[in-house]
Every structure is written in structure tokens, then in C-alpha cells.
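**Student:** My questions will all concern the structure given below.
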Amino acid sequence: MDVARELLSGNVLAGARAIRWLDDRDRRGAQVLSSVFPHTGRAQIIGVTGPPGAGKSTLANAMITEQRRRGRRVGVVAIDPTSPFSGGAILGDRVRMARHTLDPGVFIRSVGTRGHAGGLSRSTHDTCLILDAMGYDVIFVETVGVGQDEIDIVALAHTTIIIGVPGLGDEVQAIKAGLMEVGDVFVINKADREGYEATRQQFELMLHLREEARPADAFDWSPPLLPAVATRDEGIAGIIDATDRHGSKLRDSGEFARMSGRRERAQALALMGEEMLRIAMERADAEVLSAVEARQIDPYEAARLLVHRLSPVQEE
Amino acid sequence: MQPIEERPLRVLLAKLGMDTHTVGVTVIAHALREAGMEVIFTGLKQTPAMVASAAIQEDVDVVGVSTLSAGHTRSLPTLARLLREAGAGDKLLLAGGVIPEEDRPLLEEAGVDRIFTMGADTRDIVAYLNQWRATRREERD
Ligand code: B12
Ligand SMILES: Nc1nc2c(ncn2[C@@H]2O[C@H](COP(=O)(O)OP(=O)(O)OP(=O)(O)O)[C@@H](O)[C@H]2O)c(=O)[nH]1
Ligand SMILES: [Mg+2]
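Chains as they are written, first to last, in the numbering used here: chain A, 859 to 1174; chain B, 29 to 169.
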């Protein structure tokens, strides 16, 4: 099977295999990615993030339905944490999206973080590119339940939806999360629950402060704050109206392409970093290492020498 | 040094039809995770077509069905056939739960690779999977 060609024509088996190779760091993955890369850059990547149990998967499920109603093909990357002890994982997000399993216009992929910090897996970016190449118009990326620092999704997604819920220790949740500064669309899910009004006020205040602090040259977008009851598909059309408006505005202003470009640039630098580290580790000068081991030189001096003695890398 | 497995085995665990017995599938899910595998759970009330479709999207190595409320003599052969027809016949198909001895030949004939019933030791299941993995051909296109 010519995986690259097959996935471009929408073959699910081929796309799924390419994603597996990239996730497993199988070298065939990079080859496929190179072939299909010219066919990417079209899909709107929408991040779905928020604390554990906020209803990210349930909301994604409802949003898939709404996107399908609007005639779009939908890809989903749902990330759950890998156990740092065993390296294994139980990936359960797709349970809540089961009603889309047989829809040929929907592709759902579960991934483990596999030791990667930041709320995404190392392969999430690549997976989005493959789904984009397969012709999915919208790609939802559900992050692991985030805390404070896990905001890698912002660099990946064109549009980031931040989900809050009533009664999670309101202000702490909103302020400390560090998420208020980065979201494009804010949703208070479980609006059927007690405490909704208090949470709404908290979010409103934070968004107001954020508006005031916005630099004049920043992208002209005021994040909306929307209620939802994901389990009853309530408020979903309003959310997709907002992500559509955000998407159109990004595209019309040229920011969409610039974001995608910045993302590929960041990815290239990250990959370079990994490769450099690998090469440097392989070639670390044994003499210097023995010297520091014998405590003849200190670690800082050793590191400086190790960098100096690295031989230049030849192009293969 | 033993770094975290870069290519963990991926296993889809599914429950078919109206069978709501969840203890066995939960035990298996945890055992496989502790053994370093990625377990994808489909949830309850799946049809064979849904399981086949999820298995393909997730590109799992193994599909495991837990069945305790009968119906397996029809659903499992259907699942095996759907996987084959979709070009995913290379996935290992396991079944567990309440499966009478006399059903085994039919299921094995239909493409179920291995059956584990009540009292099966999860360590044996893990060992079986690791061994299957080791003997499987390395390049799988
Ligand atoms: C607990 C139980 C229930 C609980 C379930 C609670 C829950 N959330 O799971 C409740 C009370 C709700 C229940 C309800 C019913 N039950 Co009930 N239940 C049982 C019971 C007593 C134990 C099942 C169990 O949890 N075992 C413990 C787990 C760990 O064992 P296990 O599931 O077999 O899993 C092991 C292996 O089979 C294997 N395995 C299992 N799945 C998989 C998957 C893979 C991939 C692999 C590799 C291995 C594997 O590994 C596990 C570890 O060893 C069994 C009796 C029995 N002997 O099994 C009856 C039993 C399964 N129930 C039965 C029935 C009929 C019912 C009911 C229909 C009505 C009734 N008469 O009670 C309802 C309806 C449920 C439904 N719609 O499906 C019958 C089924 C008969 C049949 N298949 O022909 C049984 C066999 C009792 C009997 N002897 O009549 N039940
Ligand atoms: N009352 C109420 N419950 C909801 C709503 N949305 C989701 N839930 C419930 O909240 C629980 C968690 O939902 P999920 O969608 O799994 O949440 P999640 O954020 O994806 O969870 P993780 O992926 O584990 O972080 C489930 O029991 C849902 O049924 C809602 O709008 N109202
Ligand atoms: Mg989830």
C-alpha cells in the first residue's frame, strides 16, 4: 500500500497507519509526512481544553454533530495521559463520541501523552497534518485535563476553546489556570448546574481585564463567553458560530496562514533540538566525560568542552 | 537503561450489544495499562461494525471483546469478517467473558485468535500478548 497516496484520497486505513508511524517515531512516518505536506494548511484546528472532567469529550461530541450539520468533515485527536510508571494508558475519550463512529465524515484518534508535557502528545502536530491531508475540514484537539502550564494547544490550534464549569473553586480555576489570557472562545459547560451565575461573573470579570490589557496591535478579537449543556447538545450552535467567525477573521486577515507558518517553524526548531541532542549525546567526548567523572573538572567546564569538541555533522 | 516504550502495543477493548457486565473489561484494561500497553475503550452498546471502524481509526494491534451475555456466536464472527473485509484482518482478535466450551470451535473457525474465560489470570493474558508481539512479523504493511 502506498500510504501517502492512499491517505490523500481519503483511505482511512492508510491515514490511521501514517498516524501510528508518526506516533511511534517509525521513520516511515516522516517519509509519508514529507509527501503529503504540500496538501496541508487548509483545515481549521480547534483546541478544546479545560480542567479534568469539564466535559471536553462530551462537548467535542456535540460540536462534531454541529460541524457535520454544516457540511464539514471532522477529524478528532483526543489526548489522555500516559502512566509515567508503566508507560501504558487507558484512552477513554472516544466513549463519549461513539455516535460518530460509523460516520465516514468523522475520524477519531485517541493518543497517549507518552511522557510529553504540555497537555499534548509529541505526535499531535503531525497527526493534525495527516488529518488535514486526508481532507478533514475541521480538526478538534482535546487536550488532557489541563492545569496551569499545559497550554501547548495555543501554539498548535488556530482557535482555542477554553471550558470552565460551575463550582470548581471559581476564581482559583479562572485566574490561576493561566488560561484566561490565551483562549479565543470561552464556554461555561454544565450550565445546568448550580453556581453557573457566579462562575459566569468570574469569567466575565477576567475577560474584561484581559480586554483592557490587550495591546493595540494585537489581533482584533474579543473572546465570547458562552453557556453550554453538552450532555443535552445545548448552546452548541452558538459555539460553532463563534469558532466560524474566528476562523473567517483569521483567514480574511491573513493571520491563518501566518499562524500555520509559525507553527511549522516552531516544529522545525523542536525537531532540530531533538536531533541535535541525540547527535550530541552520541558523540560526547569520552575523555571529557572521564575527566568530570574523576572530578578533575567541574560539570560546567565539562559541558563547555563537550560542546567545543563536537565534530560538525555531515549532510547525509 | 529502559526508557519508556516508544512503540507500545495498542489494544481496543469493546463491549457489544446490551451486555452491561463491566468488571472483567475494567480488570483487563488496567492490567494491560500496567503492562505498558495503550488501551482504547469503546464504551458499551457497540455493534460489530462500530468496533471494526474504531479499530481501524485507532490502528490498534489487538481487538479485545468482553462478552458475558451471550450473542457472541453471532457478533464475534461478524466482527472478524468486517475486519477482514476492511483490510484489517491482521489484527489479533481476542474474546473473554462467559463463553461456553462448545462455542470455541465455531469462534476459532470464524477468526477469533484466542479466548479467555472466567478466572483467566491477567498475567497470562499479558504474557500471551507480549509473546504474540515478539513472534509477529516486524514489518506490517
Ligand atoms: C457481577 C455480575 C452481574 C452484575 C454486573 C455488574 C457490572 N457492572 O459488571 C449485575 C448484577 C449487574 C449483572 C446483571 C445481569 N447478569 Co450477570 N453476572 C455477574 C457475575 C456474577 C460475575 C461477572 C463478573 O463481574 N465477574 C468478574 C470478572 C473479573 O470476570 P470476567 O468478566 O469473566 O472476566 C475475566 C475473564 O472472563 C477474562 N475476560 C473478560 N473479558 C475479557 C476481554 C478480553 C479482551 C480478554 C483478553 C479477557 C477477558 O478476564 C477476566 C479476568 O479473569 C456473572 C457470573 C459469572 N460466573 O461470570 C453473572 C452472569 C455473567 N450474569 C448473567 C446474567 C444472565 C445477567 C442478567 C442478564 C440477568 C441476571 N439473571 O442477573 C443481568 C443483565 C446484565 C446485562 N444487561 O448484560 C449470566 C450470563 C449467562 C450467559 N451469558 O449465558 C451469568 C453468567 C450468571 C449465570 N450463571 O447465569 N450481572
Ligand atoms: N450536568 C452536566 N454534566 C455534564 C455536561 N457535560 C458533560 N457532563 C458530564 O461530565 C462528565 C465528564 O465528561 P467528559 O466529557 O468525559 O469530560 P472531559 O473533560 O472530557 O474529561 P477528561 O477527558 O477525563 O478530562 C461526564 O459524566 C459527563 O456526562 C453538562 O453539560 N452537564
Ligand atoms: Mg475527555
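Even glycine gets a Cβ: it sits at the ideal position worked out from N, Cα and C.
Just so you know, these numbers come straight off a predicted model, no measurement behind them.
1. At a Cβ cut of 7 Å, what residues of the region 866–899 of chain A count as close to chain B, listed as they run along the chain?
2. If you compare alpha carbons, which of A:Leu1163, A:Ile1137, A:Ala1138 is closest to alanine 1149 of chain A?
3. Beta carbons nearer than 9 Å to chain A: which residues of the region 54–80 of chain B have them?
4. Could you check what DSSP says for glutamate 1029 of chain A in three-state terms: helix, strand or coil?
5. For the 8 Å Cβ check, are there 3 or more pairs between the region 1118–1134 of chain A and the region 1066–1082 of chain A?
6. Comparing the C-beta of valine 1023 of chain A with each C-beta of chain B, is any distance below 9 Å?
7. Taking 8 Å as the line, does the beta carbon of glycine 905 of chain A fall inside it for any heavy atom of ligand 2?
8. CA-CA distance, aspartate 141 of chain B and leucine 989 of chain A?
9. Do serine 94 of chain B and ligand 1 come close, with the Cβ less than 8 Å from some heavy atom?
10. What residue ranges within the region 873–935 of chain A form continuous alpha helix (DSSP H) runs of no fewer than 4 residues, ordered along the chain?
11. May I ask you to list the residues that DSSP assigns as paired with isoleucine 84 of chain B?
12. Given that a residue counts as buried once 16 or more other Cβ atoms are within 10 Å of its Cβ, and exposed if not, what is isoleucine 1137 of chain A?
13. For a contact meaning CB atoms closer than 7 Å, what does phenylalanine 965 of chain A contact in chain B?
14. Please go through the same chain and pick out, in chain order, the residues whose beta-carbon is closer than 7 Å to the beta-carbon of histidine 974 of chain A, but skip the five residues on each side of it.
15. Taking the runs of the beta strand (DSSP E) that are 3 residues or longer, which of them lie wholly in the region 1103–1139 of chain A?
16. With DSSP as the reference, identify every bridge partner of serine 94 of chain B, one or two as the case may be.
17. In whole angstroms, give me the CA-to-CA distance for threonine 54 of chain B and lysine 1107 of chain A.
18. Is any beta-carbon of chain A found at less than 9 Å from that of arginine 151 of chain B?
19. For glutamine 85 of chain B and leucine 960 of chain A, I'd like the C-alpha separation in whole angstroms.
20. Closest Cβ-Cβ distance between arginine 109 of chain B and chain A: below 9 Å?
21. Within the region 1039–1106 of chain A, note down every full alpha helix (DSSP H) run reaching 4 residues or more, in order along the chain.
22. Per DSSP, what kind of secondary structure is arginine 38 of chain B in: helix, strand or coil?
23. Between aspartate 1091 of chain A and the rest of its own chain, which residues show a CB-CB distance below 6 Å, the 5 nearest in sequence each way excluded?
24. By the criterion of Cβ-Cβ separation under 9 Å, what are the contact partners of arginine 952 of chain A in chain B?
25. Determine whether the Cβ of isoleucine 948 of chain A lies closer than 9 Å to any Cβ atom of chain B.
26. Could you name the residues of chain A that alanine 162 of chain B contacts, counting a contact when the two beta carbons are closer than 9 Å?
27. Hey, is isoleucine 1033 of chain A's beta-carbon within less than 9 Å of any beta-carbon in chain B?
28. Let me check one thing: in DSSP terms, what residues is arginine 74 of chain B bridge-paired to?
29. Whole angstroms is fine: what's the gap from threonine 150 of chain B's alpha carbon to threonine 982 of chain A's?
30. Just to confirm the assignment, what range does the beta strand (DSSP E) spanning glutamate 1151 of chain A have?
31. Taking 9 Å as the CB-CB cut-off, is arginine 38 of chain B touching chain A?
32. Quick check: what's the CA-CA separation for arginine 1167 of chain A versus glutamate 1133 of chain A?
33. Can you find a heavy atom of ligand 1 that lies under 8 Å from the Cβ of threonine 145 of chain B?
34. Which residue's Cα is closest to the Cα of leucine 120 of chain B: B:Val93, B:Ala98, B:Arg102?
35. Chain A partners of glutamate 34 of chain B, CB-CB under 7 Å?
36. Are the region 1013–1025 of chain A and the region 1043–1054 of chain A in contact at 8 Å, needing three or more beta carbon pairs?
**Tutor:** The short version:
1. Val870, Leu871, Ala874, Arg875, Ile877, Arg878, Asp882, Arg883
2. By 1-based counting over the first sequence, the position of residue 1149 of chain A is 291. Considering only alpha carbons, the answer is A:Leu1163.
3. Ala57, His58, Leu60, Arg61, Glu62, Ala63, Gly64, Met65, Glu66, Val67, Ile68, Phe69, Thr70, Gly71, Leu72, Lys73, Gln74, Thr75, Ala77, Met78, Val79
4. By 1-based counting over the first sequence, the position of residue 1029 of chain A is 171. Here the model assigns glutamate 1029 of chain A a pLDDT of 49, short of 50, so the residue's position is not dependable and the matter cannot be decided.
5. no
6. Locating residue 1023 of chain A in the first sequence gives position 165, counting from the first residue. No, valine 1023 of chain A lies away from the interface with chain B (no Cβ there is under 9 Å from its Cβ).
7. Mapped onto the first sequence, residue 905 of chain A falls at position 47. No - ligand 2 has no heavy atom lying nearer than 8 Å to the Cβ of glycine 905 of chain A.
8. For the purposes of this step, residue 141 of chain B is identified with residue 113 of the second sequence, where counting begins at 1. For the purposes of this step, residue 989 of chain A is identified with residue 131 of the first sequence, where counting begins at 1. If you take the alpha carbons of aspartate 141 of chain B and leucine 989 of chain A, they lie about 32 Å apart.
9. The sequence position of residue 94 of chain B within the second sequence is 66, counting from 1. Answer for serine 94 of chain B: yes, Cβ within range of ligand 1.
10. 885–894, 914–927
11. Here residue 84 of chain B refers to the residue found at position 56 of the second sequence. Answer is none; isoleucine 84 of chain B lacks a bridge partner.
12. In the first sequence, residue 1137 of chain A corresponds to position 279, counting from 1. Counting Cβ neighbours within 10 Å, isoleucine 1137 of chain A comes out exposed, since fewer than 16 surround it.
13. Residue mapping note: residue 965 of chain A aligns to position 107 of the first sequence, counting from 1. Result: Gln85.
14. Translated into positions along the first sequence, residue 974 of chain A becomes position 116. Closer than 7 Å at Cβ, skipping near neighbours: Arg980.
15. none
16. Walking along the second sequence from the start, residue 94 of chain B turns up at place 66. For serine 94 of chain B, which the question treats as bridged, DSSP gives the partners B:Lys43, B:Gly124.
17. On the second sequence, residue 54 of chain B is found 26 positions in, with the first residue counted as 1. On the first sequence, residue 1107 of chain A is found 249 positions in, with the first residue counted as 1. Roughly 46 Å separates the two Cα atoms.
18. Reading the second sequence from its first residue, position 123 is the one you call residue 151 of chain B. Output row for arginine 151 of chain B: interface = no.
19. Stepping through the second sequence from its first residue, residue 85 of chain B is reached at position 57. Stepping through the first sequence from its first residue, residue 960 of chain A is reached at position 102. Whole-angstrom Cα-Cα distance: 11 Å.
20. As a working note, residue 109 of chain B is residue 81 in the second sequence. No - not a single Cβ of chain A is within 9 Å of the one on arginine 109 of chain B.
21. 1054–1071
22. Here residue 38 of chain B corresponds to residue number 10 of the second sequence, with the count starting at 1. The answer is strand: DSSP assigns arginine 38 of chain B an E or B state.
23. Stepping through the first sequence from its first residue, residue 1091 of chain A is reached at position 233. Taken in chain order, the residues that qualify are Ala920.
24. If you number the first sequence from 1, residue 952 of chain A lands on position 94. Simply Ile68, Phe69, Thr70, Gly71, Ala82, Gln85, Glu86.
25. One-based indexing of the first sequence puts residue 948 of chain A at position 90. True, the Cβ-Cβ gap to chain B drops below 9 Å.
26. Stepping through the second sequence from its first residue, residue 162 of chain B is reached at position 134. None at all; the shortest Cβ gap to chain A is about 16 Å.
27. Indexing the first sequence from 1 puts residue 1033 of chain A at position 175. Low local confidence applies: a pLDDT of 48 at isoleucine 1033 of chain A is under 50, so the model's placement there is unreliable, with the coordinate-based value given in what follows. Chain B, which has no Cβ nearer than 9 Å to the Cβ of isoleucine 1033 of chain A, makes this no.
28. Start at 1 with the first residue of the second sequence, and residue 74 of chain B comes out as number 46. It is worth fixing the name first, because residue 74 of chain B is glutamine in this sequence and not arginine. According to DSSP, glutamine 74 of chain B bridges with B:Leu44.
29. Taking the first residue of the second sequence as 1, we reach residue 150 of chain B at position 122. Taking the first residue of the first sequence as 1, we reach residue 982 of chain A at position 124. Approximately 32 Å between the Cα atoms of the pair.
30. Locating residue 1151 of chain A in the first sequence gives position 293, where the first residue counts as 1. Looking at the DSSP string, glutamate 1151 of chain A is not in any beta strand (DSSP E); the run it does join, the alpha helix (DSSP H), is 1144–1151.
31. Looking up residue 38 of chain B in the second sequence gives position 10. It does; some Cβ of chain A falls within 9 Å.
32. As a first step, residue 1167 of chain A is located in the first sequence; it is residue number 309 there, counting from the start. As a first step, residue 1133 of chain A is located in the first sequence; it is residue number 275 there, counting from the start. Distance between the alpha carbons of arginine 1167 of chain A and glutamate 1133 of chain A is about 17 Å.
33. Reading the second sequence from its first residue, position 117 is the one you call residue 145 of chain B. Under cutoff, so the answer is yes.
34. Walking along the second sequence from the start, residue 120 of chain B turns up at place 92. Nearest C-alpha to leucine 120 of chain B: B:Val93.
35. What you label residue 34 of chain B is simply residue 6 of the second sequence in a count that begins at 1. Those are Asp882, Arg883, listed as they occur along chain A.
36. yes
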